[in-house]
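Residue numbers (our numbering): 6 to 130.
Idealized CB from N, CA, C, for every residue including glycine.
Here the structure is a predicted model, which is why all the values come from computation and not from measurement.
Beneath this line is the structure, given in structure tokens, with notes to follow.
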Amino acid sequence: MEKDNRFMDYLFNEFVQIERRIGKSQSHRFLSIISNYIEWGFNYDNPEKAQQYARISFSSIEYAVFKCKTDLLDLKGKNEESEQVLMYKLRLKSLQYSEDEIANLLIERYKLNNPTEIISPYGQL
6 MEKDNRFMDY LFNEFVQIER RIGKSQSHRF LSIISNYIEW GFNYDNPEKA QQYARISFSS
66 IEYAVFKCKT DLLDLKGKNE ESEQVLMYKL RLKSLQYSED EIANLLIERY KLNNPTEIIS
126 PYGQL
């Protein structure tokens, strides 16, 4: 199954990296690429699971874009997550957020990066 998700992880990571480096003008072209991949691109051992994984990852991107929180998306398949989360927590502390607010924001970040189902900024689809 890992093999089936590698290309989706690559597209996700490219979106996140370009969003951070250049911005929306270049990164949003990956939204159409990912959408086309979901529509046509599953010639794997288990295409239904690969498609569901891609849909969940895409919904995570859409939700982050809609809520203007793309800076909270972590790269997939990298071990940088814990360092990024630690830096985010330190940044929140320096901005004098309370411990409860920091906990809630960390939970929100975790849910954004680890969705278990399709999330939508438009309510239930």
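- Counting other Cβ atoms within 10 Å of its Cβ, Tyr-15 stays below 16 and is therefore classed as exposed.
- When the five nearest sequence neighbours on each side are left out, the beta carbons in the same chain lying within less than 6 angstroms of the beta carbon of Gly-82 are those of Asp-14, in order along the chain.
- DSSP, read as helix, strand or coil, puts Glu-122 in coil.
- In this chain, the alpha helix (DSSP H) harbouring Asn-41 covers 34-45.
- Per DSSP, reduced to three states, the secondary structure at Asp-76 is helical.
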